[in-house]
Amino acid sequence: MRLARRLVLALTAVGLAAGAAGAQETAATGIFAGHGVIKAVAPGTGWLTLDHDAIKGFMCAMEMMFQVKSPDLSKNLHPGDVIDFKIDAARYTIVDVKRVDPAK
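With positions in the sequence shown counted from 1, the corresponding number in the numbering used here is that position plus 22.
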């Protein structure tokens with residue numbers, strides 16, 4: 023009985039280790055399209071805090087702060103603006119922004 027219990031425990035440990043190794047995430051690369059609402063624009067840097075929808079193939083919907091490729095991309099944007107954007111997944115950097123609905 024003890025041998026059977028040890029065998030079951032050993033096989034369980036091996037199965038858990040194999041499952042954990044297979045569950046590792048791979049980093050997304052490329053440019054992805056997103057849609058969201060601007061919550062804040064950081065003065066000077068242009069960093070944007072967005073409440074964005076899920077970005078297919080990259081990340082789930084959430085509120086998050088993003089660096090912009092150039093502060094010029096966010097110079098005419100304001101909290102409440104609805105935007106479409108492109109993001110470089112490897113750098114988590116917004117590379118293009120288009121306002122689709124101005125803040126009200």
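Virtual Cβ for every residue (Gly too), placed ideally from N, Cα, C.
(request) Could you check the C-alpha separation between leucine 70 and alanine 49 for me, to the nearest Å? (result) Counted from its first residue, the sequence shown places residue 70 at position 48. Counted from its first residue, the sequence shown places residue 49 at position 27. Going by the C-alpha atoms only, they are around 22 Å apart.
(request) State yes or no: is the C-beta of aspartate 73 within less than 7 Å of the C-beta of valine 59? (result) As a first step, residue 73 is located in the sequence shown; it is residue number 51 there, counting from the start. As a first step, residue 59 is located in the sequence shown; it is residue number 37 there, counting from the start. Against a cut-off of 7 Å, the Cβ pair of valine 59 and aspartate 73 comes out as a contact.
(request) Assign arginine 113 to buried or exposed, taking buried as 16 or more other Cβ atoms, counted over all protein chains shown, within 10 Å of its Cβ. (result) Within the sequence shown, the letter at position 91 stands for residue 113. Under this definition arginine 113 is an exposed residue.
(message) Could you pull the DSSP bridge partners for aspartate 110 from this structure?
(response) Within the sequence shown, the letter at position 88 stands for residue 110. In the DSSP assignment, aspartate 110 is bridged to Ile53 and Thr115.
(message) If you reduce the DSSP assignment to three classes, tell me which class leucine 72 lands in.
(response) For this step, residue 72 is matched to residue 50 along the sequence shown. Residue state, collapsed to three classes: strand.
(request) Could you say which of Ala125, Lys120, Asn98 and His57 lies nearest to methionine 86 if we only look at CA atoms? (result) Walking along the sequence shown from the start, residue 86 turns up at place 64. Measuring from the Cα of methionine 86, the nearest candidate turns out to be His57.
(request) Confirm, please, whether the CB-CB distance from proline 101 to lysine 61 is below 7 Å. (result) Residue 61 sits at position 39 when you count from the first residue of the sequence shown. Residue 101 sits at position 79 when you count from the first residue of the sequence shown. Yes; because the gap between Cβ atoms is below 7 Å, this pair is in contact.
(message) I'd like to check one pair, lysine 120 with alanine 55: are the Cβ atoms closer than 7 Å?
(response) On the sequence shown, position 33 is the one that residue 55 refers to. On the sequence shown, position 98 is the one that residue 120 refers to. Going by C-beta atoms, alanine 55 is not nearer than 7 Å to lysine 120.
(request) Reducing DSSP to helix, strand and coil, say where aspartate 123 ends up. (result) Start at 1 with the first residue of the sequence shown, and residue 123 comes out as number 101. Strand at aspartate 123.
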